[in-house]
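Quick mapping for you: the protein sequence lines, in order, are chains V and Z.
Quick note on our numbering: the first sequence kicks off at 1 and runs consecutively.
Quick note on our numbering: the second sequence kicks off at 1 and runs consecutively.
Below you'll find the structure, written out as structure tokens, and then a few comments.
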Amino acid sequence: MSDYQFNQKHLLGLADYSKEDILYVLEQARYFREILDRPVPKVPTLRDKTIVNLFYENSTRTRLSFELAQKRMGADVVNFSASSSSTKKGESLKDTIRNISSMKIDMVVVRHESPGVPHFLTTCVDAAIVNAGDGAHEHPTQALLDMFTMQQLHPDLKGKKIAIIGDISHSRVVRSNIIGLKKLGAEVTLCGPKSLMPVFIEDMGVKVSYNLDETLAWCDIAMALRIQLERQGHGTELFPSLREYHERFGIKMSHLEKYPDFHIMHPGPINRGVEMESEVADSDRAVILDQVTNGVAVRMAILYLLSGGTRI
Amino acid sequence: MDKAKIMTGEELNRTYLRFAHQFLEYYNDPSRLAIIGMQTRGVYIGKRILAEIKKEFNIEVDFGILDVTFYRDDFRSKLKMPDVKVTEIPFDLYDRDVVLVDDVLYTGRTVRSAMDALMDYGRPRRIKFCCMVDRGHRELPIAPDYTGLYVPTYENEEVRVKVKELDDEDAVYLVNVPEEDSDE
């Protein structure tokens, strides 16, 4: 770590972060994790910073996690959700952000259904931009917290076998995870119905399997993704039924008995009985709730590291 | 770079022993005493004092580690690359007599941050401050309760406390530092 310098101003996606950057963020996050266990889980590090959470798309979990991370560090937080704002009156994204920026903010956490919005914002304002999910493009903080959770199970991810199972097409989590995990030297296999598998996904350096049993036998960690029915138009257009999906690609208790080594992750929210049996989600092989706690710590680390710049 | 060796390992050892005696002289109930070492070198100094107390008086004292990075008011202007270290206080601070231990006392800003941090962990009965070297130049009204050595310095000088665990030797040096490199 001797010559290494963390020089990032934004977190737009893990594609822009080097292996060293990722490892550095994860290392710092370890110490933020400890703050969450303190009697007073709050530090004054960001008390002179104002952060706006710009959520054009609903995401209770990610927003709560970011908001909690910001408040744990004493930042002033403004929340903006598109449903109750002037976007409904026809204001453009650029105007919205420039208006908010004129109110002297230091950081923007943005979630938008269109890929590239965080990049676009960097051209409009001086504040540090954190991507909290842009379309099906990237969701870097989710991938960082996933990798942080994986590191708790396997400190060195080099050569570790990670399976990502389910709705690959509609997931931005998967893209960030592949980019990050490849940089850390892990092997990634995607598993899911053909209709939910993007073409040419192998170009990202991953393997594709359509056989759940084979995948579970191979992996150290199995990450199930949520079936995003809301992105499929009219319910289950891309596979016959949820029941059949569960039959073919749902993780079941019988799998846990058959393959005793792998751990289970899920970015949430879980559709119980679809991506996995309810008992699987509650079993001690699942680290799903650890992911949630780690999410706050990782986001604290990112906000802390990106807040180093001068006030605008 | 080194201007002078101002303490040898032998002198450091004598100072650890003196601190051990001083700490126990003051507190009539040693079970209330807790030593908290400040990252990074304060931790090793604290552990040495702890060992002396055990050797001399056969008393076990609670020991904690504190990193104050989150509480610093100057982390954006001073730290080139923020680096957070472990904080570990595995006991309740309520009503304890706490001694904070650090290597060098300079502006006093680190100690102020440390007091803020401790208050977030609980409400100690007293907080005392022990430093190996006091080099002057205070920017806040803070005075140490236990001092190994008082060394009036110029702004372009720095005091480096070396500990075996990190630096392969026990010693204290006075060094000249070009202005822009000063980071303490």
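Think of the CB as a built atom: it goes at the ideal place given N, C-alpha and C, for glycine as much as any other residue.
* To do: Helix, strand or coil for residue 20/V, going by three-state DSSP, please let me know.
  => Locating residue 20/V in the first sequence gives position 20, where the first residue counts as 1. Residue 20/V: helix per DSSP, three-state reduction.
* Kindly indicate which three-state DSSP category residue 50/V falls into: helix, strand or coil? => Sequence index remark: in the first sequence, residue 50/V carries index 50 (1-based). Looking at residue 50/V - three-state DSSP - the assignment turns out to be strand.
* To do: Identify which residue in 74/V, 135/V and 70/V has its Cα closest to the Cα of residue 108/V.
  => Counting from one through the first sequence, the residue named residue 108/V turns up at place 108. Selected option, being the one with the closest Cα: 70/V.
* Where do the ends of the alpha helix (DSSP H) carrying residue 124/V lie? -> To locate residue 124/V, count along the first sequence from 1; it is residue 124. Taken as a continuous stretch (DSSP letters only), the alpha helix (DSSP H) holding residue 124/V covers 117 to 124.
* Asked: By DSSP, does residue 183/Z sit in helix, in strand, or in coil?
  -> Position 183 of the second sequence, counted from the first residue, corresponds to residue 183/Z. With a pLDDT of only 49 at residue 183/Z, under the threshold of 50, the placement of this residue in the model should not be trusted; the figure read from the coordinates follows. Three-state result, residue 183/Z: coil.
* Host alpha helix (DSSP H) of residue 111/Z (start-end) -> Position 111 of the second sequence, counted from the first residue, corresponds to residue 111/Z. Unbroken alpha helix (DSSP H) run through residue 111/Z: 109 to 121.
* To do: Report yes or no: is there a C-beta of chain V within less than 8 angstroms of the C-beta of residue 74/Z?
  => Indexing the second sequence from 1 puts residue 74/Z at position 74. No, no contact with chain V.
* Counting only beta-carbon atoms, is residue 293/V nearer than 8 angstroms to chain Z? -> On the first sequence, residue 293/V is found 293 positions in, with the first residue counted as 1. Closer than 8 angstroms: no.
* Please check if any C-beta of chain V sits within less than 8 angstroms of the C-beta of residue 120/Z. => As a first step, residue 120/Z must be located in the second sequence, where it is residue number 120. Yes, because at least one Cβ of chain V sits closer than 8 angstroms to the Cβ of residue 120/Z.
* How would you label residue 12/Z, buried or exposed, when you count the other beta carbons within 10 angstroms and need 16 or more for buried? -> Here residue 12/Z refers to the residue found at position 12 of the second sequence. When all chains shown are included, residue 12/Z counts as buried.
* Under the three-state DSSP convention, the category residue 133/V falls into -> The count along the first sequence starts at 1 and reaches residue 133/V at position 133. Residue 133/V: strand per DSSP, three-state reduction.
* Mind checking who residue 78/V pairs with in its DSSP beta bridge? => Along the first sequence, read from residue 1 onward, the residue named residue 78/V stands at position 78. DSSP output for residue 78/V lists 52/V as bridge partner(s).
* Assess, as a yes-or-no matter, whether the region 30 to 43 of chain V is touched by the region 53 to 64 of chain V under the definition of 3 or more beta carbon pairs within less than 8 angstroms. => no
* Asked: Between residue 92/Z and the rest of its own chain, which residues show a CB-CB distance below 8 angstroms, the 5 nearest in sequence each way excluded?
  -> In the second sequence, residue 92/Z corresponds to position 92, counting from 1. Counting only Cβ-Cβ distances below 8 angstroms, and skipping sequence neighbours, we find 122.
* **Simplified DSSP assignment, three categories, for residue 217/V** => What you label residue 217/V is simply residue 217 of the first sequence in a count that begins at 1. Reduced to three states, the DSSP call for residue 217/V is helix.
* To do: Would you check if the distance between the CB atom of residue 74/V and the CB atom of residue 50/V is smaller than 8 angstroms?
  => Here residue 74/V refers to the residue found at position 74 of the first sequence. Here residue 50/V refers to the residue found at position 50 of the first sequence. Cβ distance not < 8 angstroms, so residue 74/V and residue 50/V don't count as in contact.
* To do: Could you check the C-alpha separation between residue 242/V and residue 42/V for me, to the nearest Å?
  => Counted from its first residue, the first sequence places residue 242/V at position 242. Counted from its first residue, the first sequence places residue 42/V at position 42. Taking the straight line from one Cα to the other gives about 43 angstroms.
* Asked: Under a three-way DSSP split, which group does residue 104/V fall into?
  -> Counted from its first residue, the first sequence places residue 104/V at position 104. Here residue 104/V sits in coil by DSSP.
* Asked: Shortest alpha-carbon distance to residue 190/V belongs to which of 98/V, 273/V and 162/V?
  -> Locating residue 190/V in the first sequence gives position 190, counting from the first residue. Ranking 98/V, 273/V and 162/V by Cα distance to residue 190/V puts 162/V first.
* Asked: Taking only beta-carbon atoms, is residue 71/Z less than 8 angstroms away from chain V?
  -> For the purposes of this step, residue 71/Z is taken as the residue at position 71 of the second sequence. At least one chain V Cβ lies under 8 angstroms of residue 71/Z.
* To do: Would you verify that the beta carbon of residue 124/Z is, or is not, closer than 8 angstroms to some beta carbon of chain V?
  => One-based indexing of the second sequence puts residue 124/Z at position 124. No, because no Cβ of chain V sits closer than 8 angstroms to the Cβ of residue 124/Z.
* Using a beta-carbon distance below 8 angstroms, is residue 40/Z in contact with chain V? -> Here residue 40/Z is taken as the residue at index 40 of the second sequence, counted from 1. So, not an interface residue.
* Are the region 134 to 142 of chain Z and the region 103 to 113 of chain Z in contact at 8 angstroms, needing three or more beta carbon pairs? -> yes
* Nearest to residue 22/Z (by Cα), restricted to the options 32/Z, 49/Z, 6/Z and 44/Z -> Numbered from 1 along the second sequence, position 22 holds the residue referred to as residue 22/Z. For the residues 32/Z, 49/Z, 6/Z and 44/Z, the minimum Cα distance to residue 22/Z belongs to 49/Z.
* To do: Confirm, please, whether the CB-CB distance from residue 131/Z to residue 19/Z is below 8 angstroms.
  => Here residue 19/Z refers to the residue found at position 19 when the second sequence is read from its first residue. Here residue 131/Z refers to the residue found at position 131 when the second sequence is read from its first residue. Not in contact: residue 19/Z and residue 131/Z (Cβ atoms no closer than 8 angstroms).
* Asked: Cα separation between residue 274/V and residue 223/V?
  -> On the first sequence, residue 274/V is found 274 positions in, with the first residue counted as 1. On the first sequence, residue 223/V is found 223 positions in, with the first residue counted as 1. Their backbone Cα atoms lie some 14 angstroms apart in a straight line.
* Asked: Between residue 313/V and chain Z, is there a C-beta pair that is closer than 8 angstroms?
  -> The structure shown has nothing for residue 313/V, since chain V only spans 1 to 312.
* Asked: Which runs of the beta strand (DSSP E) fall wholly inside the region 132 to 178 of chain Z and span at least 3 residues, in chain order?
  -> 146 to 150, 157 to 162 and 171 to 176
* Asked: Exposed or buried, what is residue 17/V when buried is set at 16 or more other beta-carbons lying within 10 Å of its beta-carbon?
  -> Walking along the first sequence from the start, residue 17/V turns up at place 17. Classification for residue 17/V: buried.
* Asked: Excluding five sequence neighbours on each side, which residues of the same chain lie with their C-beta closer than 7 angstroms to the C-beta of residue 313/V?
  -> Residue 313/V lies beyond the residue range present for chain V, which begins at 1 and ends at 312; the question has no answer from this structure.
* Rounded C-alpha distance that separates residue 132/V from residue 208/V -> Translated into the one-based positions of the first sequence, residue 132/V becomes position 132. Translated into the one-based positions of the first sequence, residue 208/V becomes position 208. Their Cα atoms are separated by approximately 27 angstroms.
* Using 10 angstroms around the beta-carbon of residue 202/V, count the other beta-carbons present and answer buried if the total reaches 16, otherwise exposed. => Along the first sequence, one-based indexing puts residue 202/V at 202. So residue 202/V ends up on the exposed side.
* To do: Using a cut-off of 7 angstroms between C-beta atoms, extract the partners of residue 84/Z located in chain V.
  => Here residue 84/Z refers to the residue found at position 84 when the second sequence is read from its first residue. Correct list: 28 and 31.
* Closer than 6 angstroms by C-beta to residue 105/V: which residues in its own chain qualify, once you throw out the five before and the five after it? Chain order, please. => For the purposes of this step, residue 105/V is identified with residue 105 of the first sequence, where counting begins at 1. 50, 52 and 127, listed in sequence order.
* Sequence-distant residues of the same chain with beta carbon closer than 8 angstroms to residue 147/V, five excluded per side -> Counting from 1 along the first sequence, the entry for residue 147/V is found at position 147. The residues are 22, 26, 157, 177, 180, 181 and 184.
* Asked: In three-state DSSP terms, what is residue 310/V?
  -> If you number the first sequence from 1, residue 310/V lands on position 310. Summary for residue 310/V: the model assigns pLDDT 38, below 50, so the residue's position carries little reliability, and this model does not support an answer.
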